[in-house]
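Engineer: Following this note's numbering, the numbering of the sequence shown begins with 34 at its first residue and continues without gaps.
We treat Cβ as the ideally placed atom computed from N, Cα and C, and that holds for glycine.
Quick caveat, the model's predicted, so the values are computed rather than measured.
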Amino acid sequence: MATLGVNRADANDAEIPPMVPSLLHSLKFAYNAQPMLLVVSFVLTIGGLIPEALSALWLKLLINGVTSGNSTTIFRAAMGLALTGGAGWLMRTVGSRFIAIFSDRIALAVNTHVAQLQARVSTIEHHERPEYLDRLQILHDHSFLLDHIYPSLMQYVGSSIRLLITVGLLMSIHPVLVLLLFFAIPPITVSARRAGLERAAEERAAPQVRLARHFFELGTTPATAKELRVSRAETATVERRSAAFRAGYAEVSRQRWVTALQSGGAWLLFSLAYIASVSFVASRNNAKPGNVLLALAAGAALSRFLGQTVGQTEFLRWNIEAAQRLLWLERYVSTRTGVDQGPAPERIAEAVRFDHVSFAYPGTDTLVLDDVDLTLPAGSVVAIVGENGAGKSTLTKLLARLYDPTSGRILIDDTDLATIDPTSWRERLAGAFQDFFKFEFLATNSVGLGDLPRIEQRPAVTTAVERGGAVDVIEKLPEGLETQLGPSWRNGRDLSFGQWQKLAVARGFMRDRPLLCILDEPTAALDAETEHMLFEKFAAASRTAADDGRITVLVSHRFSTVKMADLIIVLDGARVAEFGDHESLMAKRGLYAELYGIQAAGYR
34 MATLGVNRAD ANDAEIPPMV PSLLHSLKFA YNAQPMLLVV SFVLTIGGLI PEALSALWLK
94 LLINGVTSGN STTIFRAAMG LALTGGAGWL MRTVGSRFIA IFSDRIALAV NTHVAQLQAR
154 VSTIEHHERP EYLDRLQILH DHSFLLDHIY PSLMQYVGSS IRLLITVGLL MSIHPVLVLL
214 LFFAIPPITV SARRAGLERA AEERAAPQVR LARHFFELGT TPATAKELRV SRAETATVER
274 RSAAFRAGYA EVSRQRWVTA LQSGGAWLLF SLAYIASVSF VASRNNAKPG NVLLALAAGA
334 ALSRFLGQTV GQTEFLRWNI EAAQRLLWLE RYVSTRTGVD QGPAPERIAE AVRFDHVSFA
394 YPGTDTLVLD DVDLTLPAGS VVAIVGENGA GKSTLTKLLA RLYDPTSGRI LIDDTDLATI
454 DPTSWRERLA GAFQDFFKFE FLATNSVGLG DLPRIEQRPA VTTAVERGGA VDVIEKLPEG
514 LETQLGPSWR NGRDLSFGQW QKLAVARGFM RDRPLLCILD EPTAALDAET EHMLFEKFAA
574 ASRTAADDGR ITVLVSHRFS TVKMADLIIV LDGARVAEFG DHESLMAKRG LYAELYGIQA
634 AGYR
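#1: So for residue 410, helix, strand or coil by DSSP?
#2: Would you please state the rounded distance, in angstroms, between the beta carbons of residue 502 and residue 604? I believe it to be under 8 Å.
#3: Starting from residue 479, trace the alpha helix (DSSP H) both ways and give me its first and last residue.
#4: Quick check: what's the CA-CA separation for residue 508 versus residue 406?
#5: In the DSSP assignment, find the unbroken beta strand (DSSP E) run with residue 393 in it and report its ends.
#6: Ignore the nearest five residues each way along the sequence and tell me which others in residue 588's own chain have a CB closer than 7 Å to its CB.
#7: Excluding five sequence neighbours on each side, which residues of the same chain lie with their C-beta closer than 6 Å to the C-beta of residue 471?
#8: Considering just the uninterrupted stretch of the beta strand (DSSP E) at residue 63, what are its terminal residues?
#9: Going by DSSP, which residues form a beta bridge with residue 552?
#10: Would you call residue 455 buried or exposed, if buried means 16 or more other Cβ atoms sit within 10 Å of its Cβ?
#11: Please report how far the alpha carbon of residue 37 lies from the alpha carbon of residue 626, in whole angstroms.
#12: Please give me, in chain order, every unbroken run of the beta strand (DSSP E) with length at least 3 that falls completely inside the stretch 177 to 238.
#13: How big is the Cα-Cα spacing for residue 394 and residue 432?
#14: If you reduce the DSSP assignment to three classes, tell me which class residue 442 lands in.
#15: Of all the options 476, 82, 108 and 489, which has the alpha carbon lying nearest to the alpha carbon of residue 119?
#16: According to DSSP, simplified to helix, strand and coil, what is residue 545?
#17: Indicate the three-state DSSP secondary structure (helix, strand or coil) for residue 253 in the structure shown.
#18: Helix, strand or coil, according to DSSP, for residue 437 in the structure here?
#19: In this structure, does DSSP put residue 447 in helix, strand or coil?
#20: Please go through the same chain and pick out, in chain order, the residues whose beta-carbon is closer than 7 Å to the beta-carbon of residue 127, but skip the five residues on each side of it.
#21: Run through DSSP, which three-state label would residue 602 get?
#22: I need the boundaries of the alpha helix (DSSP H) containing residue 497, first residue and last residue.
#23: Near residue 211, which residues of its chain fall below 6 Å by C-beta distance, leaving aside the five closest residues on each side in sequence?
#24: Quick check on the DSSP output: the alpha helix (DSSP H) that includes residue 98 runs from which residue to which?
#25: Check whether the stretch 182 to 193 touches the stretch 345 to 361, taking contact to mean three or more Cβ pairs, one atom from each stretch, closer than 8 Å.
#26: Take residue 371 and list the residues in its own chain whose beta-carbon comes closer than 6 Å to its own, dropping the five residues that flank it on each side.
#27: How many Å lie between residue 142 and residue 337 at the Cα?
#28: Can you tell me whether residue 108 is buried or exposed, with buried defined as 16 or more other CB within 10 angstroms of its CB?
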């Protein structure tokens, strides 16, 4: 059978791209987004930094002119100081305006790009892989670094050029002073490694940081407030959040202490070399006042420029780390969208078939579905039953292509679902799930979201409300469909869980002609009679629309509801235990008959 392998931790998925390709990729992205602003900002930033390095040279000429009484030299030195100082100030001032505009525009482009990347992943498996969630958490926390990489790189290049000019000036006094450049290597090296080591520590601490954030959300959101207070777990939640935060912070703190000591030692070494170089120049018998002043000024500038370059190195490394994770995300998304090809079919002519399908959730080896062979006939109403954990919801998620099979194929007639563009396929789906989300919009938008192109079409929304049995919910709202939902908003109205569920069902029925309608226990909060009535309505609508081969899949624990289905599939232990209609399954006296009898006895 075909094995897609998307539920296994692929080594290529886990690899972080190298630094240089990530940096070049970021520059290409910025150039494509804002070419003129990038070039102008780059030139002005570097041009604004270089003149400061020449100040020591003008000071040397000035003191030589003063000591020799050469007014021409004094004038040239003074003009050099004035012109380079003025030019540097002008370029820094103008450049800062360009960089501000560039940063704002590139920040919008980068944030939009990251959001689009995550939205393009056709499945939801990355939401359930801890190693990927940790990496995405760091990318989210440091997303501001993605747009800072460009001004940081400009500053780094300018600082490096300024540093080299200063070293050149020192070498003009005596070649031995080039040794200062070698003593500058340890601070720069430590700085370059520091960001990477600390980021690695942050990644190791990410699970604890994510856990701390989870406990913070538990303790501060309304959804958990009642249970925490009734169970008196508020204090325990706060304590566990603090413990998780301390555990994560301890990992990062240990690494910061190590790098701080390394940095301090490297700077001490450079400081001693700087003192020795100034002493060497000043102690020479033929030392000229200009050379001594140049050594003092250029040496002091070297120390300052080196500190700034080291700081830029650290910040740039952090930025590149973020760029590496962005490139990783792009590559990850490309591997999850590259096999998508053709559009969804207009109709189901024969059936949807599960061809030896097996599935294990990301990061596990336990099969939730094991070698499933099924045929769902076109135009049929199919019910899926089984005990909790039997794989019912998993089967519907595979049909919606929220996951791809670990092995095997799902065929729409003769077309492999893995070769159908997921966006196109999902545009032909409808239905609702038990783990629905409460969209706190206007009621009309909360329902209309089920078919985005028609979200503002009132007749379509009204029809969906009727299909989903939510008319009574809308009638009780003070402004009907125009009511703001959610108590956290001004004039917002809260709903009971059952009312929210009815709106979710209505949202699932916004589309008029879906090929596949999935109802995964969407009415679990409603009474059995209401659920039965709704499911009867869904089944009748599916059968009347059989000209396009629509298949309706029902998942429910209530056997009084599923008995109406044309085909009932019984799952047990990740396998299909039996299938057939209600009468044939009862006649077999197998698992279905046993479960039906147990539930029926409960209603006596």
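Structural biologist: In brief:
#1: Of the three classes helix, strand and coil, the one that applies to residue 410 here is strand, per DSSP.
#2: About 27 Å separates the CB atoms of residue 502 and residue 604; that is not less than 8 Å, and the two are not in contact.
#3: Unbroken alpha helix (DSSP H) run through residue 479: 476 to 481.
#4: Residue 508 and residue 406: Cα-Cα distance of roughly 45 Å.
#5: For residue 393, the enclosing beta strand (DSSP E) has its first and last residue at 384 to 393.
#6: Taken in chain order, the residues that qualify are 417, 425, 426, 429, 552, 553 and 554.
#7: So the qualifying residues of the chain are 533.
#8: Segment 52 to 66 is the alpha helix (DSSP H) holding residue 63; no beta strand (DSSP E) there.
#9: Bridge partners of residue 552: 465 and 587.
#10: With 16 or more Cβ atoms within 10 Å of its Cβ, residue 455 is classed as buried.
#11: Bear in mind that a pLDDT of 33 at residue 37, under 50, signals an unreliable position, so the number given afterwards is only what the model happens to contain. Looking at the two C-alpha atoms, the distance is approximately 37 Å.
#12: You should have found no qualifying run.
#13: Approximately 15 Å, taken between the alpha carbons.
#14: In the displayed model, residue 442 falls within a strand according to three-state DSSP.
#15: Minimum Cα-Cα distance from residue 119 among the listed residues 476, 82, 108 and 489 corresponds to 82.
#16: Look at residue 545 here: in three-state DSSP terms it is coil, with no helix or strand label.
#17: Three-state DSSP puts residue 253 in a helix.
#18: In the three-state scheme derived from DSSP, where H, G and I count as helix and E and B as strand, residue 437 is classed as coil.
#19: Coil, per DSSP.
#20: Non-local beta-carbon contacts of residue 127 in its own chain, meaning distances under 7 Å to residues more than five positions away in sequence, involve 77 in chain order.
#21: DSSP places residue 602 in strand when its eight states are reduced to three.
#22: Counting along the chain, the alpha helix (DSSP H) containing residue 497 begins and ends at 491 to 500.
#23: For residue 211, same chain residues with a beta-carbon under 6 Å away, outside a window of 5 residues either side, are 204 in chain order.
#24: Residue 98 -> alpha helix (DSSP H) spans 88 to 101.
#25: These segments touch.
#26: Any reading at residue 371 needs caution, since the residue's pLDDT is 48, under 50, leaving its predicted position unreliable; the model's value is listed next. Excluding residues within five positions, none has a Cβ falling inside 6 Å.
#27: Each residue's alpha carbon lies about 35 Å from the other.
#28: Under a 10 Å Cβ-count criterion, residue 108 is classified as exposed, with fewer than 16 other Cβ atoms of the shown protein chains found around its own Cβ.
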